Amino acid sequence: MLVMAVNAGSSSLKYKLYKMPEEEVLCGGLAERIGHDDAIFKIKFGGNEDKQVLPIPDHKEAVRLLIEALKGHGIIKNLEDIEVVSHRVVQGGPYYSHSVVFDDSAEEKIKELIPLDPLHAPAHLIGYHAFKEYLPHALATAVFDTAYHQTMEKEDYLFPIPLEYAEKFKCRRFGAHGTSHQYLIEKAIRDYFGGKAEGTKIICCHLGSGASITAAKNGKCVATSMGLTPLGGIMMGTRCGDIDPSVCNYLADCLKVDSDAVYDILNKKSGLLGISGVSNDSRDVEEADWAGNENAHLASKLFARRTADFIGQYFVRLGGVDLIIFSAGIGENSSYFRKLILEDILEALGLDIDEKKNETYIRGKEGLISTPDSKVRVAVIPTDEEVMLARDGYKIKIKEGKL
Ligand code: AMP
Numbered sequence: 178m179l180v181m182a183v184n185a186g187s188s189s190l191k192y193k194l195y196k197m198p199e200e201e202v203l204c205g206g207l208a209e210r211i212g213h214d215d216a217i218f219k220i221k222f223g224g225n226e227d228k229q230v231l232p233i234p235d236h237k238e239a240v241r242l243l244i245e246a247l248k249g250h251g252i253i254k255n256l257e258d259i260e261v262v263s264h265r266v267v268q269g270g271p272y273y274s275h276s277v278v279f280d281d282s283a284e285e286k287i288k289e290l291i292p293l294d295p296l297h298a299p300a301h302l303i304g305y306h307a308f309k310e311y312l313p314h315a316l317a318t319a320v321f322d323t324a325y326h327q328t329m330e331k332e333d334y335l336f337p338i339p340l341e342y343a344e345k346f347k348c349r350r351f352g353a354h355g356t357s358h359q360y361l362i363e364k365a366i367r368d369y370f371g372g373k374a375e376g377t378k379i380i381c382c383h384l385g386s387g388a389s390i391t392a393a394k395n396g397k398c399v400a401t402s403m404g405l406t407p408l409g410g411i412m413m414g415t416r417c418g419d420i421d422p423s424v425c426n427y428l429a430d431c432l433k434v435d436s437d438a439v440y441d442i443l444n445k446k447s448g449l450l451g452i453s454g455v456s457n458d459s460r461d462v463e464e465a466d467w468a469g470n471e472n473a474h475l476a477s478k479l480f481a482r483r484t485a486d487f488i489g490q491y492f493v494r495l496g497g498v499d500l501i502i503f504s505a506g507i508g509e510n511s512s513y514f515r516k517l518i519l520e521d522i523l524e525a526l527g528l529d530i531d532e533k534k535n536e537t538y539i540r541g542k543e544g545l546i547s548t549p550d551s552k553v554r555v556a557v558i559p560t561d562e563e564v565m566l567a568r569d570g571y572k573i574k575i576k577e578g579k580l
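In my numbering, the protein residues as written are 178 to 580.
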């Protein structure tokens, strides 16, 4: 069975076609700069790559190009072979703790949640309709980035605001990156705990341009750092993470701007970029840091300290920790950022790190970077959100077939 995993953003559409249940990737790629005359369509298949720069006015055209490419390159014989299109949906609110069939009722719920995710939710719906038009026979499924975090208790997900507002406006912590955290935690339980989730205490650090940390007990999420939106939690590429809420009013007064303008600063001009003044990309910040740029050094240290603070908080929340996972762009590739974070938690957690392994476990190399003497194991594990989309889409299709 072929399953298409789709991640539709406001001006992009990423895709990967899987043969399931083998989890074999037949092709993958993306359309970016959708809405522009110089948009880009890329497809990679069997060691080949094709890239075109052309006008892609909307997501429908991007899907048409994809279908054309699938047939043109002989990747599939019949469109009917694609039995499932599995869509990533960032915000599932309080409604979804699992992936579901993407039908009219799911569409209604996702529409209702647009105020909680005005950036992504409309794009998900556009992507859903575009695929429905070209692959009407395929079952559409929705995989929510918030679903894995639905096991949090009230004490962990509520903000101490009037309860009435929390309930009426769904103003609470939902978290994000749940698909990635679930993939990493499930993989870690298989690889490091013999598949037995019971009794495990894991802290999972997804450190990419967006970054979040999740604490999992018995394989289930008990706490996560992102909040109502992906702005909360640890410091990120351009986002500030958790701050004193009064900063918003104070900055609005100082700068004589409205709350939207401050929100924009906290979302797009803060984090590594805001402190370093160099870039939101950890590679640029690291390079500037090595070259002696003091603000870049401060940005790196601040990023590490905020991450370490959350690891400490989750160590207490879990009543200890057996394994710390590093993943995503920074977590998988930057031994420097890992080292700074580990230095901040080393003493308290009794860690012993193999420096050579920390240096060399980059670009997809995975494994433990802690020594056998370490009180807590530390692992680098590359994440794979797309395979989770394919797995859930496949599972739902099989279940549907049995009904
Ligand atoms: P992600 O959001 O997981 O794709 O992570 C992207 C971010 O990871 C980039 O903006 C960089 O800050 C960081 N990064 C650090 N090293 C690398 C690398 N070798 N390859 C890709 N991203 C990297």
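Even glycine gets a Cβ: it sits at the ideal position worked out from N, Cα and C. Everything numeric in this text was worked out from a predicted model, so none of it was measured.
Between residue i and ligand 1, is the CB less than 7 Å from at least one heavy atom?
i: I502; result: no
i: A505; result: yes
i: N535; result: no
i: G385; result: yes
i: G414; result: yes
i: D521; result: no
i: S459; result: yes
i: N510; result: yes
i: R568; result: no
i: R515; result: no
i: C265; result: Cys is not the amino acid found at residue 265; the sequence shown has Arg there. Incorrect: R265 has no Cβ contact closer than 7 Å to ligand 1.
i: R483; result: no
i: R540; result: yes
Taking 8 Å as the cut-off, decide whether the C-beta atoms of residue i and residue j are in contact.
i: K452; j: L432; result: One point to set straight first is that residue 452 is Ile, not Lys, in the sequence displayed. It is not a contact, given that the beta carbons lie outside the stated cut-off.
i: L495; j: K394; result: yes
i: I411; j: L428; result: no
i: F321; j: S276; result: yes
i: K636; j: L316; result: What the structure shows of the chain is the stretch from 178 to 580, and residue 636 is not part of that stretch, so it cannot be assessed.
i: A300; j: S386; result: no
i: I501; j: C382; result: yes
i: V557; j: E543; result: yes
i: F218; j: H250; result: no
i: F279; j: A239; result: no
i: I366; j: G372; result: yes
i: G269; j: T323; result: yes
i: M197; j: Y571; result: yes
Please classify residue i as buried or exposed, where buried requires at least 16 other C-beta atoms within 10 Å of its C-beta.
i: R568; result: buried
i: A400; result: buried
i: E463; result: buried
i: E257; result: exposed
i: S436; result: exposed
i: V434; result: exposed
i: I338; result: exposed
i: N426; result: exposed
i: G206; result: buried
What residue range is occupied by the uninterrupted beta strand (DSSP E) comprising residue i?
i: R483; result: First-last for R483: 471-495, but that is the alpha helix (DSSP H), not the beta strand (DSSP E).
i: R265; result: 259-266
i: L405; result: Premise fails: L405 is in no beta strand (DSSP E) and is neither H nor E.
i: A208; result: 201-209
i: T537; result: Run containing T537: none in the beta strand (DSSP E); it sits in the alpha helix (DSSP H), 532-537.
i: A556; result: 554-557
i: N225; result: 225-231
Kindly indicate which residue of the options has the alpha-carbon position closest to the one of residue i.
i: V564; options: S274, Y360, D215; result: Y360
i: P407; options: E562, K552, V267, G544; result: V267
i: G506; options: D486, G414, A473; result: G414
i: L293; options: L405, K286, Q327; result: L405
i: K228; options: D235, P234, D215; result: D215
i: K397; options: A374, Y491, V439; result: A374
i: G180; options: V202, A208, V261; result: The identity of residue 180 in the sequence shown is Val, whereas the question assumes Gly. When each option's Cα is compared against that of V180, the closest is V261.
i: Y211; options: P198, K191, E201; result: Looking at the sequence provided, one finds Ile at residue 211 rather than Tyr. Of the listed residues, the one whose Cα sits closest to I211 is K191.
i: V498; options: T377, Y272, G206, E199; result: T377
i: F346; options: I291, H297, A485, Y513; result: I291
Quick check: does the Cβ of residue i come within less than 7 Å of any heavy atom belonging to ligand 3?
i: H314; result: As presented, the structure is devoid of ligand 3, carrying ligand 1 as its sole ligands.
Over what stretch of residues does the alpha helix (DSSP H) that includes residue i continue unbroken?
i: Q359; result: 355-369
i: N426; result: 423-432
i: N184; result: That residue, N184, is in no alpha helix (DSSP H); its beta strand (DSSP E) goes 179-185.
i: D437; result: 436-445
i: L340; result: 340-345
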